[in-house]
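Before any comments, here is the structure.
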Amino acid sequence: MRGVATLELSTSANTPFTSALRDLAASIRGNRTSSPAFVYFFNPIRLGVNAFIEPIRALVAVPAQGNIIPVFGWLGVVSVIGFVVYATSNWRTALLSTSLVFGCGVLGMWTDSMDTLAMTLGAVFLSLVIGLPLGVWAGLNDRVLAILRPGLDLAQILPTLVYLAPLALVFLIGIASATIATLVYSIPICIRITAHAVRGLRQGPIEASESMGATRWQTLTKVQLPMAKQTIILGVNQTTLAALSFVVIAALIAAPGLGKPVVNALIIRNVGDGVVAGLAVVFLAIMLDRSTTAAVIKNQTFVHSVGAALVRRRVALIASGVLTLVALILSRNVLWAAVFPERLILGDQISAVADAVAAWITSTFTFLTVGVNEFITLSVLNPLEGILANAPWFLTIIMISLLAAIVGGRRVAILSAVLLGLVVLTGLWHDTMVTLSQVLIATVIVMVIGVVIGVVAGRSERAERALKPFLDAGQTLPAFVYLVPVLALFGPTRFAAIVCGVFYAAPVVVRVVADGVRGVSPEMVEAATSAGSTPMQVITKVQLPASKKSLLLGANQGFIFVLAVIVIGGLVGAGGLGYLVIVGQSKPELAGKGLAAGIAIVLLGVTLDRIAQASAERSGRVRP
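As numbered in the working numbering, residues 1 to 624 make up the sequence shown, in order.
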């Protein structure tokens, strides 16, 4: 039955469903100025967001109308960042932050970096204004949390690319739609962490406050929020990094900033320019992560400065504030302090070095860049894709549903069959199976790497400390950053997308597995060791079985992160649903197909997530 009922569709062809979506999109575009929904709701939101973001951009990135420079030049921006970070953390983090921001200028990416920073900060501010109150409410009220939870769970599954097309359709492409998309992407993180912070508080202080006659508002503001402040600041950190990650990808809907040179480099395969822009993204990501993390650490410190140390701290703050004010004045009135000096820019030289290094690696290590690529593609990817994409669609649904029944039960099997049936109705079954084959292979590779390294980190504190900087960096960097070097090494292939997914998901899986191994009862390990078990036997017979739930959680998180990057991999030759989403944004006649691809990605993601979650829950109920 190979090649029968595969529902394969050429890229340029439409189905009745995609044609209907295309016509709907055209109708929406044609009624933006007349439909009451747009006139009284969507358009005012777009104009309001635009009016909020543009002044922020005018402060640091682009000249306001009638000016030739932004309100604050590079020296003023660097000084303000240094002062704010020093005031909220310490001088080491402030020095690191100013160096990283200065480095964006050295790369020749000052304006693009400031555009990205302005949009990120604007989106984070809006996310916190909306997300913090909702998170507190959900933390205090079970019914509110129950209402929000399905949306929060779905938001965790959705790849970033899925947000772009529908929001661009409603709010047009540009700054407003990019900011709103970033907002929609980052708010669930803020809500979830804030709700967790409020719900995880010790009840003793709260009960004591209530017994003393405090009102609910007083208990919230004087007891609960101060106690939850540390975790809430952690939520700000995660919200900020999520916003930065999305702002970069939002270049696909005409967002200004560092995403544009990255996309341009991917399109023309200019490794050097892509590396330069990617480094600027890395600098901003590290700066935002370290500054907000340092604020969390400072908040954990219960011993505050006293006496002479307090006086020195205040004098240093006043002095740095005065210097910052002087720098702001200079950046408004002196050209060298307003426009980043060209003699300090090394972007072209760095680009040339990156091109040379990429050429040397690809020519010297052909057995890796070509050999591994061909081996995985021919031996694993093509056979699996042949099974999934070239088998009859109904047979594949039956097989996946049977697997869901085995690992998750009857209800999960029925849900999987229904969701996959909806994929068939989109007309994009074949492309969905192409994407699924890449996701499965990348997830298996990630789990192998995650289990091996995670076990080492879980058993050795020294190994954990050595790995921590790399894991932190891997979780900090936006997914977009991985595309450029991988494209340089492996070219525009499906394997390149798989490698991107592995790099992006591995740090998360390593941490989850290490945490599970570390959480195994020491008594169990000691008993096995005293019985004469070798270290390998302890790992395979005790620690891994005892941390089975963590392994399943790692697999769940691994596939979610892999799916997010495999979809973006449509930019580097992955094909499948991600490519259709991207093509749908650039070709109006395929707009419906792009929207349908987004729907298919959601259905596929929910299917895999529910199977993985059901398997983890069943594992937690059944004792080994």
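Glycine included, C-beta positions come from ideal geometry on N, C-alpha and C. Predicted model, so just to flag it, every value in this text is computed and none were measured.
Do Ala528 and Lys541 have their beta-carbon atoms positioned less than 8 Å apart in this structure? Locating residue 541 in the sequence shown gives position 541, counting from the first residue. Locating residue 528 in the sequence shown gives position 528, counting from the first residue. For Lys541 and Ala528, yes; Cβs fall inside 8 Å.
4-residue-minimum alpha helix (DSSP H) runs that sit fully inside the segment 502 to 562, ordered along the chain: If only uninterrupted alpha helix (DSSP H) runs of at least 4 residues are considered, those enclosed by the segment 502 to 562 are 522 to 530 and 535 to 538.
What does the alpha-carbon distance come out to for the pair Phe302 and Thr221? Start at 1 with the first residue of the sequence shown, and residue 302 comes out as number 302. Start at 1 with the first residue of the sequence shown, and residue 221 comes out as number 221. Residue placement at Phe302 is flagged as unreliable, the pLDDT there being 47, under the threshold of 50; the coordinate-derived value follows with that caveat. Linking Phe302 to Thr221 through their CA atoms gives a straight-line distance of about 19 Å.
On the DSSP letters alone, give me the boundaries of the alpha helix (DSSP H) that Ala58 sits inside. If you number the sequence shown from 1, residue 58 lands on position 58. In this chain, the alpha helix (DSSP H) harbouring Ala58 covers Asn43 to Val60.
Mind checking whether Met287 and Leu154 have CB atoms under 8 Å apart? Reading the sequence shown from its first residue, position 287 is the one you call residue 287. Reading the sequence shown from its first residue, position 154 is the one you call residue 154. Pairing Met287 with Leu154 gives a Cβ-Cβ distance that is not under 8 Å.
Have a look at Gly103 and Leu126 and give me their C-alpha separation to the nearest angstrom. Taking the first residue of the sequence shown as 1, we reach residue 103 at position 103. Taking the first residue of the sequence shown as 1, we reach residue 126 at position 126. Gly103 and Leu126: Cα-Cα distance of roughly 28 Å.
Which residue marks the beginning of the alpha helix (DSSP H) containing Met109, and which one marks its end? As a working note, residue 109 is residue 109 in the sequence shown. Per DSSP, Met109 belongs to no alpha helix (DSSP H) and is neither H nor E.
Which residue comes first and which comes last in the alpha helix (DSSP H) that contains Phe375? Working through the sequence shown from its first residue, we reach residue 375 at position 375. Per DSSP, the continuous alpha helix (DSSP H) segment holding Phe375 begins and ends at Asn373 to Ile376.
At which residues does the alpha helix (DSSP H) containing Thr435 begin and terminate? Indexing the sequence shown from 1 puts residue 435 at position 435. Per DSSP, Thr435 belongs to the alpha helix (DSSP H) from Trp429 to Arg459.
Exposed or buried, Trp91, counting other C-beta atoms within 10 Å across all chains shown (16 or more means buried)? Start at 1 with the first residue of the sequence shown, and residue 91 comes out as number 91. Trp91 is exposed by the Cβ-count criterion.
Is the shortest distance between the beta-carbon of Leu145 and the beta-carbons of chain D less than 8 Å? Absence of chain D from the displayed structure is noted, only one protein chain being present.
If contacts are defined as beta-carbon pairs under 8 Å, then Ile69 and Val326 qualify, I think. What distance do you get, rounded to the angstrom? By 1-based counting over the sequence shown, the position of residue 69 is 69. By 1-based counting over the sequence shown, the position of residue 326 is 326. Actually they are not in contact, since the Cβ atoms of Ile69 and Val326 sit about 18 Å apart, beyond 8 Å.
Which of the three DSSP states, helix, strand or coil, is assigned to Leu148? Residue 148 sits at position 148 when you count from the first residue of the sequence shown. For Leu148, the three-state secondary structure derived from DSSP is helix.
Ser79 - DSSP class collapsed to helix/strand/coil: If you number the sequence shown from 1, residue 79 lands on position 79. For Ser79, the three-state secondary structure derived from DSSP is helix.
Extent of the continuous alpha helix (DSSP H) run through Phe38: Position 38 of the sequence shown, counting from 1, holds the residue named residue 38. Bounds of any alpha helix (DSSP H) do not take in Phe38, whose DSSP letter is neither H nor E.
On the CB-based measure, 16 or more other CB atoms within 10 Å of its CB, does Gly450 come out buried or exposed? Sequence index remark: in the sequence shown, residue 450 carries index 450 (1-based). Buried, by the Cβ-count rule.
Can you say whether Asp112 is buried or exposed, counting buried as having 16 or more other CB atoms within 10 angstroms of its CB? Walking along the sequence shown from the start, residue 112 turns up at place 112. With 16 or more Cβ atoms within 10 Å of its Cβ, Asp112 is classed as buried.
Can you list, in chain order, the residues of its chain with a C-beta nearer than 8 Å to that of Gly519? Leave out the 5 residues immediately preceding and following it. As a working mapping, residue 519 is identified with position 519 in the sequence shown. Answer for Gly519: Ser547 and Ser550, listed in chain order.
Can you tell me which of the three DSSP states Arg216 falls into? Numbered from its first residue, the sequence shown carries residue 216 at position 216. Under the three-state reduction of DSSP, Arg216 is assigned to helix.
Taking Ile397 as the reference, give the member of Gly257, Phe480, Thr607 and Val78 with the closest Cα. For this step, residue 397 is matched to residue 397 along the sequence shown. Residue Thr607 holds the alpha-carbon nearest to the alpha-carbon of Ile397 among Gly257, Phe480, Thr607 and Val78.
Near Phe246, what residues of its chain come up, given a Cβ to Cβ distance below 6 Å and the 5 sequence neighbours on each side ignored? Taking the sequence shown and counting its residues from 1, the one referred to as residue 246 is at position 246. Answer for Phe246: Thr160, Thr182 and Tyr185, listed in chain order.
Within the segment 193 to 254, note down every full alpha helix (DSSP H) run reaching 4 residues or more, in order along the chain. Counting whole runs of 4 or more residues, the segment 193 to 254 contains the alpha helix (DSSP H) stretches 203 to 211, 216 to 219 and 225 to 249.
Check each candidate in Trp137, Leu167, Leu471 and Leu489 and name the one with the smallest Cα separation from Arg46. By one-based count along the sequence shown, residue 46 stands at place 46. Sorting Trp137, Leu167, Leu471 and Leu489 by C-alpha distance to the C-alpha of Arg46 places Leu167 at the top.
Segment limits, alpha helix (DSSP H) that includes Asn90: In the sequence shown, counting from the first residue as 1, residue 90 sits at position 90. From DSSP, Asn90 is part of no alpha helix (DSSP H); its letter is neither H nor E.
Quick test of the definition: if touching needs 3 or more C-beta pairs under 8 Å, does the segment 482 to 497 touch the segment 571 to 590? The segment 482 to 497 is in contact with the segment 571 to 590.
Using only the alpha-carbon positions, how far apart do Ala319 and Phe83 sit? Within the sequence shown, residue 319 is the residue found at index 319, counting from 1. Within the sequence shown, residue 83 is the residue found at index 83, counting from 1. When rounded, the distance between both Cα atoms is 10 Å.
With DSSP collapsed to three states, give me the class of Glu8. For this step, residue 8 is matched to residue 8 along the sequence shown. In the structure shown, Glu8 sits in coil (DSSP, three-state: anything other than H, G, I, E or B).
Okay, do the segment 484 to 491 and the segment 443 to 461 touch, 3+ Cβ pairs below 8 Å being the bar? Taking a cut-off of 8 Å for Cβ pairs, the segment 484 to 491 and the segment 443 to 461 do not touch, as fewer than three such pairs fall below it.
Minimum C-alpha distance to Val407 - residue among Gln438, Leu471 and Arg618: Position 407 of the sequence shown holds residue 407. It is Arg618.
Outcome for Asn373 when other beta-carbon atoms lying within 10 angstroms are tallied against a minimum of 16: Working through the sequence shown from its first residue, we reach residue 373 at position 373. In this structure Asn373 is buried. Its beta-carbon is surrounded by 16 or more other beta-carbon atoms within 10 angstroms.
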